[in-house]
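Written below as structure tokens is the structure these notes are about.
Protein chains in written order, with my numbering: chain A, 1 to 111; chain B, 1001 to 1113.
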């Protein structure tokens, strides 16, 4: 199982771009990278998933370098409402996958 | 229309009691999960069921017993509650096992006194 490492916390200010990097040195060939967001007092919700290069949706972008040993979640022009915990998960689409959320990265956006 | 619902939202009880948390999903998914999030926000999987069959059981004490009467429901029964069981319990579902997107319920905050 690929182990992930991400910063425990980050601070930013409204209007800035925030990049949260997740390390997954032993990612396997079939593994995908998925990010979830959890607001206070709510369950996590899916943000974005990718396999390689770059994926973009209306919420965020996910950058994955060629070696896939890390990935970066990019949140453009954050607002106070982006204050949340962000989780990086790595695994494949098979039945042996055990979702590992851990502690995530606590992002605080300041005015 | 709530996709994944849990009841109750809050549960306060005494040590030694037995309690249940119910979860229902109306997404037609095959896989359901129970997670525990402790006071330090560490979110850890406890169980997973696929088509009513247990597929993940992550070294959870025997006092915790999940039950899936059908694909849309996954209930969690806890016997002889202990102080350390205080946490927020989240139910989730996904179309299939593996890396499919998981949809989480609102959580049940359990406080054991």
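From the three backbone atoms N, C-alpha and C, an ideal C-beta is built for every residue, glycine too.
For clarity, every value in this text was computed on a predicted model and none was experimentally measured.
Taking residue i as the query, report the chain B residues whose CB atoms sit under 9 Å from its CB, ordered along the chain.
{"i": "residue 5 of chain A", "result": "Those within 9 Å of residue 5 of chain A in chain B number zero; the least Cβ separation is about 15 Å."}
{"i": "residue 91 of chain A", "result": "1098, 1099"}
In chain A, what lies closer than 7 Å to residue i by C-beta?
{"i": "residue 1021 of chain B", "result": "Result: empty, since nearest Cβ-Cβ is about 13 Å, beyond 7 Å."}
{"i": "residue 1078 of chain B", "result": "Correct list: empty, because the minimum Cβ distance to chain A is about 19 Å."}
For residue i, which residues does DSSP report across the bridge?
{"i": "residue 34 of chain A", "result": "A:49, A:89"}
{"i": "residue 1070 of chain B", "result": "B:1073"}
{"i": "residue 1114 of chain B", "result": "Residue numbering for chain B in the displayed model covers 1001 to 1113; residue 1114 of chain B lies beyond these limits and cannot be assessed."}
{"i": "residue 1037 of chain B", "result": "B:1043, B:1088"}
{"i": "residue 75 of chain A", "result": "A:18"}
{"i": "residue 84 of chain A", "result": "A:107"}
{"i": "residue 67 of chain A", "result": "None; residue 67 of chain A has no bridge partner."}
Cβ closer than 7 Å: which chain D residues qualify as neighbours of residue i?
{"i": "residue 39 of chain A", "result": "Any reference to chain D falls outside this structure, whose protein chains are A and B."}
Just to make sure I have the definition right: I need the residues of chain B whose C-beta is within less than 8 Å of the C-beta of residue i. Which are they?
{"i": "residue 58 of chain A", "result": "The contacting residues do not exist; residue 58 of chain A stays about 15 Å from chain B at best."}
{"i": "residue 103 of chain A", "result": "1040, 1041, 1042, 1043"}
Does residue i pass the burial test, meaning 16 or more other C-beta atoms within 10 Å, or should it be called exposed?
{"i": "residue 1018 of chain B", "result": "exposed"}
{"i": "residue 80 of chain A", "result": "exposed"}
{"i": "residue 1042 of chain B", "result": "exposed"}
{"i": "residue 53 of chain A", "result": "exposed"}
Can you give me the C-alpha to C-alpha distance between residue i and residue j, rounded to a whole angstrom?
{"i": "residue 7 of chain A", "j": "residue 21 of chain A", "result": "8 Å"}
{"i": "residue 36 of chain A", "j": "residue 111 of chain A", "result": "24 Å"}
{"i": "residue 106 of chain A", "j": "residue 66 of chain A", "result": "27 Å"}
{"i": "residue 1049 of chain B", "j": "residue 1088 of chain B", "result": "20 Å"}
{"i": "residue 1031 of chain B", "j": "residue 1096 of chain B", "result": "6 Å"}
{"i": "residue 1103 of chain B", "j": "residue 32 of chain A", "result": "18 Å"}
What I want to know is whether the C-beta of residue i ends up closer than 8 Å to one or more non-hydrogen atoms of the ligand FAD.
{"i": "residue 90 of chain A", "result": "Because no ligand of any kind appears in the structure shown, any question about the ligand FAD cannot be addressed here."}
What does residue i reach in chain A if we use C-beta pairs closer than 9 Å?
{"i": "residue 1008 of chain B", "result": "Within 9 Å Cβ-Cβ: nothing; residue 1008 of chain B doesn't reach chain A, min ~15 Å."}
{"i": "residue 1107 of chain B", "result": "41, 42, 43"}
{"i": "residue 1090 of chain B", "result": "43, 44"}
Can you find at least 3 beta carbon pairs, one from the segment 12-31 of chain A and one from the segment 57-75 of chain A, that sit closer than 8 Å? With the cut-off at 8 Å, the segment 12-31 of chain A and the segment 57-75 of chain A touch.
Does the segment 1065-1081 of chain B come within contact of the segment 83-94 of chain A, defined as at least 3 CB pairs closer than 8 Å? No, they do not touch.
Does the segment 1003-1015 of chain B come close enough to the segment 1043-1063 of chain B to have 3 or more Cβ pairs within less than 8 Å? Verdict: no, contact absent.
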